[in-house]
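Heads up: the structure comes next, in structure tokens.
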Amino acid sequence: MTLSHPLTPLEKIQIFLTTTILFSSRKQVTRTPSQIT
1 MTLSHPLTPL EKIQIFLTTT ILFSSRKQVT RTPSQIT
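Residue numbers (UniProt numbering): 1 to 37.
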């Protein structure tokens, strides 16, 4: 997938939030259940 136009600020925010949520969810999976509050 190639972008023919530069990312808009809104698109950058959406990408940032998506990657942050994915990263945090991966970290939670590696934790033990007792550490999840």
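Yeah, the Cβ is synthetic: ideal placement off N, Cα and C, and Gly gets one too.
Express the C-alpha separation of residue j and residue i in angstroms, rounding to a whole number.
i, j, result
"Thr20", "Gln28", "12 Å"
"Leu7", "Leu22", "20 Å"
"His5", "Ser24", "29 Å"
"Lys12", "Thr18", "10 Å"
"Leu10", "Phe16", "10 Å"
"Arg26", "Gln14", "18 Å"
Taking 8 Å as the CB-CB cut-off, is residue i touching chain C?
i, result
"Ile13", "In summary, chain C is missing from the structure at hand, where a single protein chain is found."
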